[in-house]
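Numbering (numbering that gives the first Met the number 0), first residue to last: 0 to 569. Each residue gets a CB set at the ideal place from its N, CA and C atoms; glycine is no exception. Predicted model, so just to flag it, every value in this text is computed and none were measured. One structure below.
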Amino acid sequence: MRWSRFYLYTTREVPNDAEVISHQLMVRAGLIKKVAAGIYTYLPFGWRSLQKLMAIVRREMNAAGAVELSMPAIQPAELWVESGRWQRYGKELLRIKDRHERDFVFGPTHEEVITDTVRRDVKSYRQLPFNLYQIQTKFRDEIRPRFGLMRGREFLMKDAYSFGADAASLDQDYEAMRAAYCRIFEACQLDYTMVEADTGTIGGSASHEFMVVADTGESAVVRCPSCGYAANVEKAETRTVEAAAATEAHPPQALEEVATPGKHTIEEVARFLKVSPKRLVKTLIYETEKGLVAALIRGDREINEVKLLNHFDVEHLALASEEKVRAATGAPVGFAGPVGLKDVPIVADESIRGLTNFVTGANKGDAHYVNVNWGRDVDLADWTDLVLVTGGDPCPRCDGTLELFRGIEVGHIFKLGTKYSEKLGCNFTDEEGNDHPMIMGCYGLGIGRTVAAAIEQNHDKDGIVWPRPLAPFEVLLIALNPEDAEVKRTAEELYAQLQEKGVDVLFDDRDERPGVKFKDADLIGIPVRITVGAKSLADGKVEVSLRRDREKRLVAPGEAVGKVMESLGR
RNA sequence: CGGGGCGUAGCUCAGCUUGGUAGAGCGCACGGUUCGGGACCGUGAGGCCGGAGGUUCAAAUCCUCUCGCCCCGACCA
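Structure below.
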């Protein structure tokens, strides 16, 4: 491709809405252009990279036995009503009406459509199992789209859905997808980790996420360097601090109410009473669709709301409003406690089980109880793991210590089970003639996000440093002085030879100054560069260099193509 | 959804406080000099100042409404 005939325009200025480096570089290097919040045009240069990734994904999906199809982006509301998600999905679901005022959605995911398709075609165990996938544009009306392709509203996703007769079949498909995902991210040369994940609104039993390690990632993840345990913090467990019981146990003291005027945060109360936040029990009142609930946790720790949501088996969960807290506890926010708290289900984190003589709110303005003890003052039946795990916590699987890092979620695989097949009546008949819902799995992979993540991981101060498999072109051929007859002849010859070899080459034949060409070359980050300039050509040489190290190697024009093929590993 | 900010040339922004009819840099066009790390000089094109309404002799500037965009928060008890 000749640059002069291609559509690639770089900019020097950083757009004012681009915060993270991958977004800035994707705009500056002419990969994407914003059309509306979270909605982008994939410009030719960016589209080439996305296509490279999609080719890798298709190759690995096909190799893993999945079969490609393509489903509609616009879906009838009836299917979503049938699955129950029309009511549950919330505002992220873009709902639209056609001219007859019939309801539709712009698909954020395709469980409903695929399940509907399959239930019409598949009736017998003899037809199972299979795995269908597509690469397609989805829309999720995010509260806050940001970071360019990392969190867009419209985005490209590969989604696959497996259907089987039993759990063993699902395990096989799941494992095949897990392995395929590893091959995909390895093929992209990304530094990634697979972590245990919560199943979220999609639902199901087991789930793993693929995280590309990056400080700008929106997900927090813990990993144990000793045993390899890794999990999204939404899901992560830690070894229960049973040590607390032994070291913290003291003979019970008399329960006492103390005045704590205006002290309504843990920190204020702890400082005021001169006790460690670890000896405070934090009582949080949450609002759910089933009513108010109270959750107790040690003062120095945070609640993992996903765990709480799962524990109470509710769809929505949010901290209760000021008025509701007052109505439930009889006290303003900041003074809630389990002692004497009535009509609200209480669940407590294991971290406070061993505490004695601890501090809680008194359910009364400006007052706390000290020397509270389990059994004597509060009788709790509901104990579980609610803690938001963080770096430094003990590993739940070995005696290691967890490390915290951030990641970009580029893939997510679920064992769905029968959640959708039951709702939509996607059944098959077994050998005995009995009907069963099919066992499903679903496997998502963010295409645009993966490319953004690759840039996040592969750049320097001058621009993108593409991993070769995702690079829009493999080779950038620069004619430094195209008006020089010898330079032009040599560059044209090299261009023809590279094309003949099937190399993806971008030929910078533009009438630009050398400085501009070099700056652009660094910015767009094509892995291998050949520079043909009058100076080195006078010595009978052209220059071959790699974007990653930029070390210049002078070779005779006749050897350049061989050198390039070697650099590309072909 | 709550809080804050911003919409002025293709891009990044100044001008607004103290109303008087629009600017810079980059980019673009033309001419000249340049030509191995985003050149220089000159000339020029390009904006109903997001939109609507109001105040005023006069509005980019003040007021109201509206639309769009961005940031923070929504893990505080």
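For residue i, the residue or residues it bridges with in DSSP
{"i": "GLU402", "result": "ARG222"}
{"i": "LYS96", "result": "ASP102"}
{"i": "GLN252", "result": "Bridge partners of GLN252: none, in fact."}
{"i": "ALA258", "result": "ALA366"}
{"i": "CYS441", "result": "TYR160, PHE413"}
{"i": "ASP434", "result": "THR428"}
{"i": "ASN231", "result": "VAL220"}
{"i": "TYR583", "result": "A query on residue 583 cannot be resolved here, the shown segment of the chain reaching from 0 to 569 and no further."}
{"i": "LYS33", "result": "TYR39"}
{"i": "GLU12", "result": "DSSP lists no partner for GLU12."}
{"i": "THR383", "result": "ASP348"}
{"i": "HIS583", "result": "Outside the modelled stretch of the chain, which goes from 0 to 569, sits residue 583, for which no answer is possible."}
{"i": "SER544", "result": "ARG528, LYS551"}
{"i": "TYR132", "result": "GLU67, ALA159"}
Alpha-carbon to alpha-carbon, residue j and residue i
{"i": "ALA533", "j": "THR449", "result": "40 Å"}
{"i": "THR239", "j": "LYS273", "result": "26 Å"}
{"i": "SER204", "j": "GLU473", "result": "42 Å"}
{"i": "ALA245", "j": "TYR368", "result": "Because ALA245 sits at a pLDDT of 47, beneath the cut-off of 50, its placement in the model cannot be relied upon, and the point is left open."}
{"i": "ASN572", "j": "VAL220", "result": "The requested residue 572 is not part of the displayed model; the chain covers only 0 to 569."}
{"i": "GLU491", "j": "PRO556", "result": "11 Å"}
{"i": "ASP538", "j": "ARG509", "result": "24 Å"}
{"i": "TRP79", "j": "TYR132", "result": "20 Å"}
{"i": "ASP342", "j": "LEU295", "result": "15 Å"}
{"i": "GLU217", "j": "TYR191", "result": "14 Å"}
{"i": "LEU189", "j": "HIS249", "result": "52 Å"}
{"i": "LEU423", "j": "GLY353", "result": "47 Å"}
{"i": "THR116", "j": "SER69", "result": "12 Å"}
{"i": "GLN50", "j": "TYR41", "result": "11 Å"}
{"i": "GLU153", "j": "ALA17", "result": "17 Å"}
{"i": "ALA243", "j": "ILE351", "result": "Residue confidence for ALA243 is low, a pLDDT of 49 falling below 50, so the modelled location carries little weight; the figure read from the coordinates is stated next. Those two C-alpha atoms are separated by around 8 Å."}
{"i": "LYS234", "j": "TYR39", "result": "32 Å"}
{"i": "ILE265", "j": "ALA451", "result": "40 Å"}
{"i": "SER535", "j": "MET564", "result": "21 Å"}
{"i": "LEU570", "j": "PHE209", "result": "The structure shown does not extend to residue 570, since the chain is modelled only from 0 to 569, so the question has no answer here."}
{"i": "PHE271", "j": "LYS277", "result": "14 Å"}
{"i": "SER566", "j": "LEU30", "result": "25 Å"}
{"i": "SER48", "j": "SER544", "result": "21 Å"}
{"i": "ARG325", "j": "GLU288", "result": "19 Å"}
{"i": "GLY636", "j": "MET156", "result": "This structure gives no information on residue 636, because the portion of the chain shown stretches from 0 to 569."}
Distance between beta carbons of residue j and residue i, contact taken as under 8 Å
{"i": "ASP507", "j": "LYS516", "result": "6 Å"}
{"i": "ALA159", "j": "CYS441", "result": "7 Å"}
{"i": "LEU279", "j": "GLY298", "result": "3 Å"}
{"i": "ALA229", "j": "GLU174", "result": "With 8 Å as the limit, ALA229 and GLU174 do not qualify as a contact, their Cβ atoms being about 18 Å apart."}
{"i": "ALA258", "j": "ASP365", "result": "6 Å"}
{"i": "GLN23", "j": "VAL34", "result": "The pair is not a contact, with the Cβ atoms about 18 Å apart (cut-off 8 Å)."}
{"i": "THR530", "j": "ILE477", "result": "5 Å"}
{"i": "LEU522", "j": "ASP461", "result": "7 Å"}
{"i": "LEU379", "j": "ILE345", "result": "6 Å"}
{"i": "PHE103", "j": "ALA76", "result": "6 Å"}
{"i": "VAL541", "j": "THR489", "result": "7 Å"}
{"i": "TRP382", "j": "GLU349", "result": "6 Å"}
{"i": "VAL371", "j": "PHE357", "result": "5 Å"}
Buried or exposed (CB count within 10 angstroms, at least 16 for buried), residue i
{"i": "ARG569", "result": "exposed"}
{"i": "ALA347", "result": "buried"}
{"i": "VAL66", "result": "exposed"}
{"i": "TYR6", "result": "exposed"}
{"i": "ASP397", "result": "First, the residue type needs correcting, since residue 397 is Cys and not Asp in the sequence shown. With fewer than 16 other Cβ atoms within 10 Å, it is exposed."}
{"i": "ARG546", "result": "buried"}
{"i": "LEU322", "result": "Note on identity: in this sequence residue 322 is Glu, with Leu being the wrong assignment. Its Cβ having fewer than 16 others within 10 Å, GLU322 is exposed."}
{"i": "GLY410", "result": "buried"}
{"i": "TYR8", "result": "exposed"}
{"i": "ILE113", "result": "buried"}
{"i": "ARG549", "result": "exposed"}
{"i": "ASP392", "result": "buried"}
{"i": "LYS551", "result": "exposed"}
{"i": "ALA317", "result": "exposed"}
{"i": "THR580", "result": "The question about residue 580 has no answer, for the chain in this structure spans 0 to 569."}
{"i": "GLN456", "result": "buried"}
{"i": "THR108", "result": "buried"}
Residue i beta carbon near the ligand SAH (any heavy atom closer than 8 Å)
{"i": "VAL212", "result": "The model depicted lacks the ligand SAH and carries no ligand whatsoever."}
Quiz prompt | the stretch 169–185 touching the stretch 52–59, judged by at least three CB pairs closer than 8 Å | solution = A contact exists between the stretch 169–185 and the stretch 52–59.
Practice problem: State whether the stretch 162–169 contacts the stretch 430–441, with contact taken as three or more CB pairs (one from each stretch) at a distance under 8 Å. | Solution: Touching, yes.
Quiz item: Would you call the stretch 84–97 and the stretch 116–123 in contact, with 3 or more CB pairs under 8 Å?
Solution: With a cut-off of 8 Å, the stretch 116–123 and the stretch 84–97 do not count as touching, because too few Cβ pairs lie within range.
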